[in-house]
Amino acid sequence: MSDDHEITLGRIETEVALLMRFGEATRRATGTAEHRVLDRAAYVILRHLDSAGPQNVSALAAQLNLDGSTVTRQVSALQRDGLITRAPDPTDGRGTVISPTPTGLQRMAAVQTARTRLYGDMLADWSDDDRATLAALLGRLNQALVNRNRRR
Numbered sequence: 653m654s655d656d657h658e659i660t661l662g663r664i665e666t667e668v669a670l671l672m673r674f675g676e677a678t679r680r681a682t683g684t685a686e687h688r689v690l691d692r693a694a695y696v697i698l699r700h701l702d703s704a705g706p707q708n709v710s711a712l713a714a715q716l717n718l719d720g721s722t723v724t725r726q727v728s729a730l731q732r733d734g735l736i737t738r739a740p741d742p743t744d745g746r747g748t749v750i751s752p753t754p755t756g757l758q759r760m761a762a763v764q765t766a767r768t769r770l771y772g773d774m775l776a777d778w779s780d781d782d783r784a785t786l787a788a789l790l791g792r793l794n795q796a797l798v799n800r801n802r803r804r
């Protein structure tokens, strides 16, 4: 690899590390209740169920690239909190599918709205093109991470 290539990859590594650190610090420092109505795991699961529809734990774990036992624990907590329901799996009578409850969707929407407002404030001085470019590049990065993890 060329020196420029190595330097660029080093910058990417640093920026991603900082993004994760500053993102977490921003989440913790944000004083509004909307940011705290769901933990990160619950938010991601509810967002996925909202967009993909009811899923069994195995499909949900595969889509989120998580271990099934991890998803089972998270889903149990969501069910205990009234944020998801379980129903018999129509394709496999032995299993169940998970769906968000109206309360789960309401909390997810509150977090999504608060985050969208936060990013809108932070990126207010960016051009529409810059915001669109950032969204596209983050989407590509996330897809590259998914693809890499699925090959393992």
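In terms of this note's numbering, the sequence shown opens at residue 653 and continues consecutively. We put the beta carbon where it would ideally sit given N, CA and C, even for glycine. On a predicted model such as this, the values are computed, not experimentally measured, just so you know.
The Cβ atoms of Thr753 and Gly772 lie no closer than 8 angstroms to each other. Taking Leu712 as the centre and dropping the five residues before and after it, the same chain places the C-beta of Val723 closer than 6 angstroms to its C-beta, in chain order. Residue ranges of uninterrupted alpha helix (DSSP H) with 4 or more members, entirely inside the region 683–755 and ordered along the chain, are 692–704, 709–716 and 720–732.
The shortest C-alpha to C-alpha distance from Ala766 to any of Thr743, Arg679, Leu698 and Met672 is the one to Arg679.
In the three-state reduction of the DSSP assignment, Asp773 falls in the helix class. Leu701 counts as buried, since no fewer than 16 other beta carbons sit within 10 angstroms of its beta carbon. Separation of Ala681 and Arg769 (C-alpha to C-alpha, rounded to the nearest whole angstrom) is 15 angstroms. Counting only the Cα atoms, Leu661 lies some 18 angstroms from Arg673.
When Cβ pairs closer than 8 angstroms are counted between the two stretches, the region 741–752 is seen to touch the region 691–706, the count reaching three or more.
Within the model, the alpha-carbon separation for Ile664 versus Asn794 is close to 14 angstroms. Met774 is classed as exposed because its beta carbon has fewer than 16 other beta carbons within 10 Å across all chains shown.
Ranked by Cα distance from Val798, the first of Leu716, Thr743, Asp782 and Thr755 is Leu716. Measuring C-alpha to C-alpha distances from Ala739 to each of Leu718, Thr755 and Gly705 identifies Gly705 as the nearest.
Taking the Cβ atoms as the reference, Arg759 lies roughly 5 angstroms from Val689, within the contact range of under 8 angstroms.
Closest option to Ser703, judged by alpha-carbon separation, among Gln731, Ala761 and Thr785: Ala761. With 16 or more other CB atoms across the displayed protein chains lying within 10 angstroms of its CB, Val727 is buried.
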